[in-house]
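A.B. asks: No gaps in the numbering here: position 203 of the sequence shown is 203 in the UniProt record's numbering, and each next residue is one more.
Just so you know, even glycine gets a beta-carbon here, dropped at the ideal spot from N, CA and C.
Note that the structure is predicted; figures quoted are calculated from it, not measured.
A single structure is presented below for examination.
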Amino acid sequence: MGSEWEAYVMPQWLNIEDSSGIFWDNDSLAALLALELKVDLLVLLSDVEGLYSGPPGEPHSKIIHTYIKEKHHCGITFGNKSRVGRGGMTAKVKAAVHAAFAGIPVIITSGFATDSITKVLKGERVGTLFHKDASLWAFPKEDSAREMAVSARDCSRRLQSISSEGRRRILLDIADALEANEKLILAENMADVISAQQSGYEQSLISRLSLKPGKISNLANSIRILARMEDPVGHVVSRTELFKWKWPSLEKVGKEAMRSNVVLHKIITGAIPENVGQKLIGLVTSRDEIPDLLKLDDVIDLVIPRGSSKLVSQIKESTKIPVLGHADGICHVYIDKSANMEMAKRIVLDAKADYPAACNAMVVNFPSIGSFRKHFLCISIFFGQRGINDIIAELRIEGVVLYGGAQASSSFDIPQANSFHHEYSSLACTLEVVDDVFSAIEHIHRYGSAHTDCIVTEDKKLQRFSLSRVDSAAVFHNASTFLRMGLVLGLVLRIHARGPVGVEGLLTSRWILRGNGQVVDGDKGVVYTHKILPLD
């Protein structure tokens, strides 16, 4: 690889008999070299993600994933030249068009984004593609992600205008439609499960994918419970009007659950009346659309990711849209020496073995309801050995793989854990022995994720102390951490909102000011009292 100057002063191997051999910047040089070397692909790296319809910093500029000369040549507004290069995007487009129409496909993409070239070689939809035959291709609209989001918002505004009874009727119709189509849903889900098994997915993922008997009925009943809740529309709290069911939703489905989610989406949207619009809930079927959606902070109000800690963290880092999602689910059960060991055994088994693949993220987001679950009992803290061997035996019967801290691994002959700060997504957990409740709380604060933690004890003084001192979003006494799921408590965070986030936590508010001509005018003669007023 040589520099631009080296290529310039050593032109004998280039075709410079005419002006086609002249270059003015690195981009035209790259195009010239690509033609001479007859490469399969030319990748031009930029300080932005690709070619935009206008200056990338402007809100209405959209990335162009496939450049079509007849369509885009006169419709693009270029901004300033590159901050670091010579010619800017104008030079890159000229070079790309020249190379592409000479038979060399070109992609302009970001040189700052992680793994840009790797993604290009994998065929992922990144950057802008230039190809001489692009005008002949049939491909989806490039603004489909924005159109989907805008349509969902438009439908949500229509939804706000109908009566509370009308919204309640929609929920009941959705519940009825789910139960009426249960066989179809289960058949599509079974096809997904079989496909996942044949593809070699881990058993923990297959367990999460599989719909257990009664799941559809439980979901329908949950929706009916929501429908019976008091509608807060028109209620005033501190002179603030609350709006329930502003629920435009865009759901991104995992490819392993594609058939299940497609049929669920079809059934649910089919129950939404025409005066609201079936586009109220969109279904994102391609991973390629996610980056475009995450840029729509002018349309999308909130992202609730479902998946691993890595996924949640990546989404938080790649969007300006507020993200509601807990990245880690490292949850503890502390069994005190005064605990009822039979109760402790039930709690531990339920928290760990009932649904080990559960995760704290949105499953489906219609009328602000979600099935929010987390992988509980990632670390269990025990005091003493009274009854512990029985619990360990029961966990092993359930197929739970046990790891231990320094004391537990030696006391109970189990392998030592690599780290206390680790979330398992399978039938596995870590045990440790601590001296007392103070040590337990210190351990929880050091290694936990402030998600959900539990103390099992019959000591009322210890119970009050633990519930007040453990700084987690949800703290339980004598109850399974698995109760921190869907309909029971909902999503859980520390900020915003502190603790479980159910239906009301997903509502939005609007401030209304009534006056009779007041103006600021430099605050002349004005005293602001901030007096609490009655709600009626």
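Take E49 as the anchor and find which of L41, G399, V120 has the nearest alpha-carbon.
C.D. replies: The residue with the shortest Cα to Cα distance from E49 is V120.
A.B. asks: Whole angstroms is fine: what's the gap from H477's alpha carbon to M343's?
C.D. replies: When rounded, the distance between both Cα atoms is 11 angstroms.
A.B. asks: Based on the DSSP output, what are the partners of H131 in its beta bridges?
C.D. replies: For H131, which the question treats as bridged, DSSP gives no partner whatsoever.
A.B. asks: Under the DSSP definition of a beta bridge, which residues are partnered with D27?
C.D. replies: According to DSSP, D27 bridges with nothing at all.
A.B. asks: Excluding five sequence neighbours on each side, which residues of the same chain lie with their C-beta closer than 7 angstroms to the C-beta of D173?
C.D. replies: Contacts found: A271.
A.B. asks: Whole-angstrom Cβ separation of I335 and V150, contact assumed at under 8 angstroms?
C.D. replies: With 8 angstroms as the limit, I335 and V150 do not qualify as a contact, their Cβ atoms being about 52 angstroms apart.
A.B. asks: Helix, strand or coil: which one does DSSP assign to C74?
C.D. replies: C74 falls in the coil class under three-state DSSP.
A.B. asks: Helix, strand or coil: which one does DSSP assign to I441?
C.D. replies: Here I441 sits in helix by DSSP.
A.B. asks: Would you call S161 buried or exposed, if buried means 16 or more other Cβ atoms sit within 10 Å of its Cβ?
C.D. replies: S161 should be labelled exposed.
A.B. asks: Determine, using beta carbons only, whether residue 587 and C331 come nearer to each other than 8 angstroms.
C.D. replies: Nothing in the structure corresponds to residue 587, since the chain is present only between 1 and 536.
A.B. asks: Run through DSSP, which three-state label would C331 get?
C.D. replies: Residue state, collapsed to three classes: coil.
A.B. asks: Can you tell me whether I315 is helix, strand or coil according to DSSP?
C.D. replies: I315 falls in the helix class under three-state DSSP.
A.B. asks: Going by Cα to Cα distance, which pick from S222, L35, T114 is closest to D176?
C.D. replies: Minimum Cα distance to D176 is reached at S222.
A.B. asks: Measure the alpha-carbon distance for L33 versus L41 and round it to whole angstroms.
C.D. replies: Approximately 12 angstroms, taken between the alpha carbons.
A.B. asks: Taking the alpha-carbon positions, what's the P55 to S116 distance?
C.D. replies: Whole-angstrom Cα-Cα distance: 21 angstroms.
A.B. asks: Are the beta-carbon atoms belonging to L280 and L159 less than 8 angstroms from one another?
C.D. replies: Yes, the pair counts as a contact, with Cβ atoms nearer than the cut-off.
A.B. asks: Measuring CB to CB, does K352 end up less than 8 angstroms from L395?
C.D. replies: Yes, the Cβ-Cβ distance between K352 and L395 is below 8 angstroms.
A.B. asks: Which residues share a DSSP beta bridge with V43?
C.D. replies: DSSP output for V43 lists I107 as bridge partner(s).
A.B. asks: Starting from the Cα of V276, find the closest Cα among D154, I388, G200 and give me that residue.
C.D. replies: Of the listed residues, the one whose Cα sits closest to V276 is D154.
A.B. asks: Is it the case that the Cβ atoms of A95 and A134 are separated by a distance below 8 angstroms?
C.D. replies: Cβ atoms of A95 and A134: not closer than 8 angstroms.
A.B. asks: With distances taken from CA atoms, which of T319, K132, I444, E70 is nearest G329?
C.D. replies: Checked all of T319, K132, I444, E70; the closest Cα to G329 is I444.
A.B. asks: Helix, strand or coil, according to DSSP, for G50 in the structure here?
C.D. replies: G50 falls in the coil class under three-state DSSP.
A.B. asks: Let me know the secondary structure DSSP gives Y403 once reduced to three states.
C.D. replies: In this structure, Y403 counts as strand in the three-state DSSP scheme.
A.B. asks: Using a Cβ distance threshold of 8 angstroms, determine whether the region 406–414 contacts the region 425–434, with at least three qualifying pairs required.
C.D. replies: Counting Cβ pairs under 8 angstroms, three or more are found: they touch.
A.B. asks: Given a threshold of 16 other Cβ atoms within 10 Å of its Cβ, counted over all protein chains shown, does E188 qualify as buried or as exposed?
C.D. replies: Label assigned to E188: buried.
A.B. asks: I need the straight-line Cα distance from T285 to P415, nearest angstrom please.
C.D. replies: Computed Cα separation, rounded: 42 angstroms.
A.B. asks: Please report how far the alpha carbon of T240 lies from the alpha carbon of P534, in whole angstroms.
C.D. replies: Note that T240 has pLDDT 34, beneath the 50 cutoff, so the model's placement of it is unreliable and no number is given.
A.B. asks: In the DSSP assignment, find the alpha helix (DSSP H) that holds H477 and state where it starts and stops.
C.D. replies: Looking at the DSSP string, H477 is not in any alpha helix (DSSP H); the run it does join, the beta strand (DSSP E), is 474–477.
A.B. asks: Considering only DSSP beta bridges, list what C155 is partnered with.
C.D. replies: DSSP output for C155 lists no bridge partner at all.
A.B. asks: Return the chain-ordered list of same chain residues with a C-beta closer than 7 angstroms to the C-beta of Q463, the five sequence neighbours on each side being excluded.
C.D. replies: Contacts found: I455, T457, H477.
A.B. asks: Rounding to the nearest angstrom, what Cα-Cα distance links D143 and H65 in this structure?
C.D. replies: With a pLDDT of only 49 at D143, under 50, the local geometry of the prediction cannot be trusted, and the value read off the model is given with reservation. Cα to Cα, the separation comes out at about 10 angstroms.
A.B. asks: Under the rule that 16 or more other beta-carbon atoms within 10 Å means buried, what is L377, buried or exposed?
C.D. replies: With a pLDDT of only 30 at L377, under 50, the local geometry of the prediction cannot be trusted, and the value read off the model is given with reservation. So L377 counts as buried.
A.B. asks: So, V43 versus I107, is the Cβ gap smaller than 8 angstroms?
C.D. replies: Yes, they are a contact pair.
A.B. asks: Tell me whether G166 sits in a helix, a strand or coil according to DSSP, three-state version.
C.D. replies: DSSP places G166 in helix when its eight states are reduced to three.
A.B. asks: How many Å lie between A473 and A450 at the Cα?
C.D. replies: So the two alpha carbons sit approximately 6 angstroms from each other.
A.B. asks: State yes or no: is the C-beta of S46 within less than 8 angstroms of the C-beta of S53?
C.D. replies: Contact flag unset, no.
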